[in-house]
Amino acid sequence: MRSRFDEQLEELNNNLIEMGALVEKTIADACHALIEQDVTLAKNIIGQDDDIDQKERFIESLCLQLILQQQPVSGDLRLVSTVQRISADLERIGDHATDISELTLLLSTTQYTNKLVYIPQMAEATKKMIANSIKAYINKDLELAQEVIASDDTVDQLFDTVKDVLVKRIRDSADSSDQAIDLILVAKYFERIGDHATNIAEWVIFLLTGIHKDDKIL
5 MRSRFDEQLE
15 ELNNNLIEMG
25 ALVEKTIADA
35 CHALIEQDVT
45 LAKNIIGQDD
55 DIDQKERFIE
65 SLCLQLILQQ
75 QPVSGDLRLV
85 STVQRISADL
95 ERIGDHATDI
105 SELTLLLSTT
115 QYTNKLVYIP
125 QMAEATKKMI
135 ANSIKAYINK
145 DLELAQEVIA
155 SDDTVDQLFD
165 TVKDVLVKRI
175 RDSADSSDQA
185 IDLILVAKYF
195 ERIGDHATNI
205 AEWVIFLLTG
215 IHKDDKIL
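Right, dumping it as structure tokens:
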């Protein structure tokens with residue numbers, strides 16, 4: 005009975021790792037498409053969102069099966085609960101990659117008024133956060149999870165910088181206001197991606213300690 009349960013846990017774990025790798029690549033591609041104004045790549049990202057959604061639904065279904073059929077307790081229940089919540093955050097990150105790609109299509113009709121500087125920095129920072137949050141889960145690395153949470157401040161600061169620069173551009177030049185507004189939205193999506201990577205790191209801490217930031221314990 006336990007061997008079957010262990011097999012199901014391994015399947016769950018492997019699917020989450022696969023989903024994490026898929027989301028990491030999607031964010032990297034979304035960033036590249038944005039910077040290079042690559043319409044074909046942006047469209048591919050939008051089309052691939054269903055793959056991430058399907059993976060999340062499969063993980064959700066497997067988690068529910070394990071809870072109902074195996075009735076896990078203690079550490080096993082924490083693991084299943086953590087995977088379920090991490091997959092939900094990964095799915096939202098995938099949605100934001102699609103949002104960014106849709107804006108990339110809008111932005112592709114004209115050249116950028118100014119070279120993108122801070123948004124690519126945000127993209128790199130959030131990509132690193134996602135990669136490290138998944139790595140923290142795989143390696144059960146508490147310290148790395150805490151580093152991910154701390155690095156969210158950098159993303160927030162970059163967002164504030166982007167917003168200030170683009171708001172000034174809107175005030176100075178009405179001709180570039182539409183582009184500036186779209187880029188603010190792009191930056192906001194990257195900021196939200198950072199928040200979801202932070203959530204993943206917090207669930208890793210919950211998995212390892214039984215304590216979440218809201219002091220919920222299973």
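According to our numbering, the residues represented by the sequence shown are 5 to 222, in order.
Backbone N, C-alpha and C define an ideal beta-carbon position, used for all residues, glycine too.
Model, not experiment: these values are computed from the prediction.
Straight-line CA distance for residue i to residue j?
i, j, result
"Asp-93", "Tyr-122", "24 angstroms"
"Ile-56", "Glu-95", "6 angstroms"
"Met-23", "Ile-138", "10 angstroms"
"His-200", "Arg-89", "11 angstroms"
"Ala-140", "Asp-80", "18 angstroms"
"Gln-75", "Asp-10", "13 angstroms"
"Asp-164", "Gln-183", "17 angstroms"
"Gln-150", "Lys-144", "12 angstroms"
"Asp-218", "Gln-41", "41 angstroms"
Thinking residue i and residue j are a contact (beta carbons under 8 angstroms), I'd like their distance in whole angstroms, please.
i, j, result
"Ala-101", "Ile-49", "6 angstroms"
"Ala-129", "Val-159", "5 angstroms"
"Leu-110", "Asp-186", "6 angstroms"
"Ser-1", "Val-169", "Outside the modelled stretch of the chain, which goes from 5 to 222, sits residue 1, for which no answer is possible."
Nearest CA to the CA of residue i: which residue from the options?
i, options, result
"Asp-99", "Phe-9, Val-27, Trp-207, Arg-61", "Val-27"
"Ser-65", "Leu-13, Ile-97, Leu-120, Val-171", "Leu-13"
"Leu-107", "Leu-16, Asp-218, Lys-192", "Lys-192"
"Lys-59", "Leu-20, Arg-82, Val-166, Leu-83", "Leu-20"
"Ala-37", "Ile-31, Asp-145, Lys-29, Ala-46", "Ala-46"
"Phe-62", "Thr-114, Leu-16, Ile-188", "Leu-16"
"Arg-8", "Gly-214, Ser-112, Thr-165, Gln-73", "Gln-73"
"Thr-30", "Thr-86, Val-87, Ile-97", "Ile-97"
"Cys-35", "Lys-172, Ser-91, Val-190, Gln-52", "Val-190"
"Ala-135", "Asn-118, Ser-155, Glu-40", "Ser-155"
"Ile-215", "Val-43, Asp-176, Asp-33, Leu-83", "Leu-83"
"Gly-198", "Cys-67, Asp-157, Val-43, Ser-105", "Asp-157"
"Met-133", "Asn-203, Ser-91, Leu-211", "Asn-203"
"Thr-213", "Ile-174, Glu-147, Arg-173, Ser-181", "Glu-147"
"Cys-67", "Ser-91, Lys-167, Lys-217", "Ser-91"
When we look at the beta-carbon of residue i and count the other beta-carbons within 10 Å, is it buried (16 or more) or exposed?
i, result
"Val-77", "exposed"
"Lys-220", "Reliability fails at Lys-220, whose pLDDT of 49 lies under 50, so the model's placement of it is uncertain and no value is given."
"Tyr-116", "exposed"
"Glu-195", "buried"
"Ala-205", "buried"
"Thr-86", "buried"
"Ile-209", "buried"
"Trp-207", "buried"
Identify the continuous alpha helix (DSSP H) that holds residue i and give its terminal residues.
i, result
"Ser-180", "Counting along the chain, Ser-180 falls outside any alpha helix (DSSP H), and DSSP gives it neither H nor E."
"Gly-214", "Per DSSP, Gly-214 belongs to no alpha helix (DSSP H) and is neither H nor E."
"Asn-118", "Taken as a continuous stretch (DSSP letters only), Asn-118 belongs to no alpha helix (DSSP H), as it is neither H nor E."
"Val-171", "146–176"
"Asp-57", "43–69"
"Gln-1", "Examination of residue 1 is not possible in this model, given that the chain is present from 5 through 222 alone."
Could you check whether the Cβ of residue i sits closer than 7 angstroms to any heavy atom belonging to the ligand PLP?
i, result
"Ser-155", "For the structure depicted, the ligand PLP is absent and the ligand set is empty, with no information on it obtainable."
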